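Residue numbers (this note's numbering): 86 to 469.
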């Protein structure tokens with residue numbers, strides 16, 4: 086396993102606890118009516134997001150999925166900004182226009198996910214290709230649930246990344262469920278590592294609830310990509326402990342299955358590792374968690390105290406080519422008809438005048454008009 090210092094391991098533990106505490110606070114806000122729309126949690130998957138993102142450098146980019154809050158926090162996203170985002174505040178990353186993690190923050194190397202599943206890989210491929218074309222040794226990482234890998238865009242994205250040998254790491258989060266569909270009904274594969282074979286990608290299967298094992302695999306894949314050796318796939322074996330979103334009570338899940346995975350909780354497991362290896366005491370970790378709870382409470386209060394956007398701002402910040410309060414976007418402007426065609430654009434022919442190249446009377450008439458105009462020009466002294 087790649088070497089990590091004591092401080093780095095404790096930071097990884099803190100990042101996982103921070104992820105869970107932030108999402109638990111979001112759930113409270115949701116139940117209090119402060120959040121409108123979906124709320125997606127990553128309970129049970131914190132180690133996959135944190136361990137993988139921890140292997141990246143500041144100049145690298147990620148495209149997260151909806152259950153990768155931990156990766157966003159590792160990249161430097163402030164928890165207060167996540168609370169602002171979910172509660173639609175004016176100073177949120179999207180200015181109150183969306184919730185969840187549908188935002189792009191270039192300075193943090195974050196590319197926002199696209200709602201149709203599997204699409205962010207295709208978009209991030211463009212970022213990775215730009216890195217290679219500029220001769221930069223930067224790496225991209227994206228996340229997909231096993232359900233998302235079954236989409237057409239994902240197939241195209243994986244194939245393009247493999248063929249072009251892009252500096253890309255794809256983390257396949259095998260969390261057993263795509264909404265209410267079990268993963269064994271998503272694809273007829275013996276193992277999800279078989280997916281990589283269709284594209285000629287190297288693959289590594291890891292315990293997604295073991296943050297150190299995830300980090301080790303991610304570091305190997307990231308280093309490989311940075312050396313110019315192409316894309317890789319990591320299959321993280323984990324479990325979605327809650328429903329698809331807050332509205333889903335997951336009655337389709339066997340309670341015994343949930344209990345079995347609850348015993349493999351990634352935070353509890355890594356906490357035991359830290360204590361057993363003398364990196365921290367139980368009291369020290371408990372104090373860290375209390376500090377995080379206080380931090381989350383203060384961040385939530387700060388976000389709720391912030392302003393909501395004015396209705397007039399609904400049309401702003403939607404088009405990158407326009408200033409924040411620019412004019413009407415082209416999609417809302419008057420439809421240009423033939424009568425409004427710009428200067429230099431030929432007007433439409435009258436009905437029945439014949440199409441270009443026809444031997445009809447309309448074309449002949451147009452030709453006669455042209456000859457007459459030419460003759461008139463000569464009479465006025467115009468040269469041929």
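Ideal Cβ placement from N, Cα and C applies to all residues, glycine included.
Predicted, not measured: the structure shown is a model, and the values here were computed from it.
- Here the alpha carbon of residue 274 sits roughly 13 Å from the alpha carbon of residue 267.
- By DSSP's assignment, residue 195 forms a beta bridge with 147, 190.
- Taking a C-beta distance under 8 Å as the contact criterion, residue 304 and residue 138 do not qualify as a contact pair.
- Closest in C-alpha terms to residue 181, from the list 112, 315, 167, comes 167.
- If you check the CB distance, residue 296 and residue 101 come in under 8 Å.
- Distances from the CA of residue 323 to each of 244, 224, 205, 290 were compared; the closest alpha carbon is that of 290.
- Of all C-beta pairs linking the stretch 109–122 to the stretch 358–367, fewer than three are shorter than 8 Å, placing the two stretches out of contact.
- About 19 Å separates the CB atoms of residue 93 and residue 293; that is not less than 8 Å, and the two are not in contact.
- Taken atom to atom, the span from the alpha-carbon of residue 96 to that of residue 385 is near 22 Å.
- If the five residues before and after residue 388 are omitted, its C-beta is found closer than 7 Å to the C-beta atoms of 165, 168, 169, 172, 174, all from its own chain and listed in chain order.
- Counting of Cβ neighbours within 10 angstroms places residue 231 among the buried residues, the total reaching 16 or more.
- Secondary structure note for residue 119: it is in no beta strand (DSSP E), with a DSSP letter that is neither H nor E.
- Its chain contains 94, 95, 98, 365, 370 as the residues whose beta carbon lies nearer than 8 Å to that of residue 359, once the 5 sequence neighbours on both sides are disregarded; these appear in chain order.
- When 252, 301, 186 are compared, the shortest CA-CA separation from residue 199 is found for 186.
- Counting along the chain, the unbroken alpha helix (DSSP H) around residue 299 starts and ends at 296–311.
- Nearest Cα to residue 161 within the set 183, 135, 184: 135.
- Here DSSP, grouped into helix, strand and coil, assigns residue 275 to coil.
- The three-state secondary structure of residue 348, taken from DSSP, is coil.
- A buried status is given to residue 125, since no fewer than 16 other beta-carbon atoms sit within 10 Å of its beta-carbon.
- Distance between residue 111 and residue 264, taken at the CA atoms: about 20 Å.
- In the DSSP secondary-structure assignment, residue 292 is bridged to 322.
- When the Cα atoms are used, residue 279 and residue 394 turn out to be separated by approximately 48 Å.
- Shown here for residue 197: same chain residues with a beta carbon closer than 7 Å to its own, the five before and five after excluded, namely 186, 187, 188, 189 in chain order.
- For the options 144, 282, 179, the alpha carbon positioned closest to that of residue 398 is the one of 179.
- When C-beta atoms of the stretch 229–246 are compared with those of the stretch 328–348, fewer than three pairs fall below 8 Å, so the two segments do not count as touching.
- C-alpha of residue 288 to C-alpha of residue 300: approximately 14 Å in a straight line.
- In the same chain as residue 205, and ignoring 5 residues on each side of it, the C-beta atoms closer than 7 Å to its own belong to 148, 196, 198, 199, 227, in chain order.
- Of the candidates 156, 184, 105, the residue whose Cα lies closest to the Cα of residue 120 is 184.
- Residue 285 sits exposed, since fewer than 16 C-beta atoms from the chains shown fall within 10 Å of its C-beta.
- Contact annotation: residue 203 and residue 229 have beta-carbon atoms nearer than 8 Å.
- About 5 Å separates the CB atoms of residue 271 and residue 235; that is less than 8 Å, so the two are in contact.
- Just so you know, the alpha carbons of residue 221 and residue 213 end up roughly 10 Å apart.
- Assignment of residue 233 by DSSP, reduced to helix, strand and coil, places it in the helix class.
- Residue range 154–159 is occupied by the alpha helix (DSSP H) that includes residue 158.
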